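Visitor: Have a look at this one.
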Amino acid sequence: MHTEIQTVANEIGNICSPKHIYLVSRKEDTAGTLVSFKLALVVSDKVESISELECALYAKVDCDYPFDLVLYRESEWNTLCADQRTFAWKIAQTGSVLL
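The structure is reproduced here in structure tokens:
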């Protein structure tokens, strides 16, 4: 695990206290150097606006590498994880839990 990825996950955890954070993917160059990564967050159903939270996280979290976020409300996540046709199911099966 690259320490920068965990640092970003920890920062996000401090900002919004998600239920879970998954590492969905990481891209490396041919020398094995991190290029970018994608995280999935499962947040409380009480979050009023997923899009506002996503924008706030991008604005507040500083990282030397480009990263993407995918956010799910907990109830949505639980429903989608049960369906093998969804991206959430794939994340739950293959993603690494960071928080």
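Taking the numbering used here, I'd label the letters of the sequence shown as residues 3 to 101.
Don't be surprised by glycine CBs; every beta carbon is placed ideally from N, CA and C.
Source: prediction; values computed, not measured.
Going along the chain, which unbroken runs of the beta strand (DSSP E) with 3 or more residues stay wholly within the region 38-87?
Guide: Within the region 38-87, the complete beta strand (DSSP E) runs of at least 3 residues are 69-75.
Visitor: Around the C-beta of Pro-68, are 16 or more other C-beta atoms found within 10 angstroms, so that it is buried, or is it exposed?
Guide: In the sequence shown, the residue the question calls residue 68 occupies position 66. Exposed, because fewer than 16 other Cβ atoms sit within 10 Å of the Cβ of Pro-68.
Visitor: Closest to Leu-43 by CA distance: which of Gln-86, Gln-8, Ile-7 and Lys-21 is it?
Guide: For the purposes of this step, residue 43 is taken as the residue at position 41 of the sequence shown. Nearest of Gln-86, Gln-8, Ile-7 and Lys-21 to Leu-43, Cα basis: Lys-21.
Visitor: Whole angstroms are fine: how far does the CA of Gly-15 sit from the CA of Thr-35?
Guide: Position 33 of the sequence shown holds residue 35. Position 13 of the sequence shown holds residue 15. Computed Cα separation, rounded: 25 angstroms.
Visitor: Since Ile-23 sits in a beta bridge, which residues does DSSP pair it with?
Guide: Stepping through the sequence shown from its first residue, residue 23 is reached at position 21. Note: Ile-23 sits in a beta bridge opposite Leu-43.
Visitor: To which residues of the same chain is Glu-30 closer than 7 angstroms at the C-beta, ignoring the five residues directly before and after it?
Guide: Here residue 30 refers to the residue found at position 28 when the sequence shown is read from its first residue. The residues are Leu-36 and Val-37.
Visitor: CB-CB under 7 angstroms to Asp-70, same chain, minus the five flanking residues each way: which ones, in chain order?
Guide: Here residue 70 corresponds to residue number 68 of the sequence shown, with the count starting at 1. Result list for Asp-70: Lys-40, in chain order.
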